[in-house]
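Single-structure report; data block below.
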Amino acid sequence: MPFPAAEVWAFMVDLPALASCLPGASIEEHEGDRVKGKIAIKFGPMAAAFNGAARLERDDAAMRAVFRGAGQDSLSQSRANGDITYRLEALSPTETQVHVNLLYSLQGPLAQFSRSGLVQDFVRRMIADFGNNVTARLRQPAGVGEAPVQASFNPTAMFFSVLWARIKRWFGLGG
Numbered sequence: 001m002p003f004p005a006a007e008v009w010a011f012m013v014d015l016p017a018l019a020s021c022l023p024g025a026s027i028e029e030h031e032g033d034r035v036k037g038k039i040a041i042k043f044g045p046m047a048a049a050f051n052g053a054a055r056l057e058r059d060d061a062a063m064r065a066v067f068r069g070a071g072q073d074s075l076s077q078s079r080a081n082g083d084i085t086y087r088l089e090a091l092s093p094t095e096t097q098v099h100v101n102l103l104y105s106l107q108g109p110l111a112q113f114s115r116s117g118l119v120q121d122f123v124r125r126m127i128a129d130f131g132n133n134v135t136a137r138l139r140q141p142a143g144v145g146e147a148p149v150q151a152s153f154n155p156t157a158m159f160f161s162v163l164w165a166r167i168k169r170w171f172g173l174g175g
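Going by my numbering, the first residue of the sequence shown is number 1, and it counts up by one from there.
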């Protein structure tokens, strides 16, 4: 990211700002490093709205954090939990690399999609969109008193983008 590490870190530990960059996410309650909220997804014929809770465990000195969350979709009864670990590395005074690792588990009807690898591709695309949204927000921060803009989310476009990338890989066309 073309921003100083301190600026990126300040953004990456601001939970409402982070949520505004995650496609389909919204925060309903926020207290300190804990949030309750929802993330809505559509994956092929399945749609889900996971209600859940998460907390941010942070190490400011190392610029490292773990975002731990769990949720359940009331319609399909699918459950998900996961950890997103990220660490910032200052490449120069004005450039920062964000290292991200995601571990998750999915149980219930939506878990059938994870066996094909499509869920992993979907998650990769969602994280890439998140990174693009963070960069855009850092380029144009919200003004004083201005509410953060919720990231737009087009699940159909994301699904077909993931599917197309997978087809290209199957046929050795890159992707």
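C-beta: ideal position from N, C-alpha, C; glycine also.
Buried/exposed call for residue i, threshold 16 Cβ in 10 Å
{"i": "V100", "result": "exposed"}
{"i": "R137", "result": "buried"}
{"i": "A65", "result": "buried"}
Rounded C-alpha distance that separates residue i from residue j
{"i": "T94", "j": "D60", "result": "19 Å"}
{"i": "Q140", "j": "A111", "result": "37 Å"}
{"i": "V134", "j": "Q77", "result": "31 Å"}
{"i": "P23", "j": "M126", "result": "7 Å"}
{"i": "M1", "j": "V8", "result": "8 Å"}
{"i": "A48", "j": "G32", "result": "27 Å"}
{"i": "A151", "j": "P109", "result": "Bear in mind that the predicted position of A151 carries a pLDDT of just 46, short of 50, making it unreliable; the figure below should be weighed with that in mind. The straight-line gap from Cα to Cα measures roughly 27 Å."}
{"i": "D73", "j": "S92", "result": "42 Å"}
DSSP state of residue i mapped onto helix, strand, coil
{"i": "Q150", "result": "Note that Q150 scores a pLDDT of 48, beneath 50, so its modelled location is shaky and nothing firm can be said."}
{"i": "S20", "result": "helix"}
{"i": "L138", "result": "helix"}
{"i": "E31", "result": "strand"}
{"i": "F67", "result": "strand"}
{"i": "M1", "result": "coil"}
Assumed close pair residue i, residue j - CB separation to whole angstroms, cut-off 8 Å
{"i": "G52", "j": "A70", "result": "5 Å"}
{"i": "L56", "j": "G82", "result": "No, L56 and G82 are not in contact; Cβ-Cβ is about 13 Å, not under 8 Å."}
{"i": "T96", "j": "A17", "result": "About 16 Å; that fails the 8 Å criterion."}
{"i": "I27", "j": "V35", "result": "5 Å"}
Proximity test, Cβ basis, 8 Å: residue i and chain D
{"i": "E89", "result": "No chain D appears in the structure shown, which is made up of a single protein chain."}
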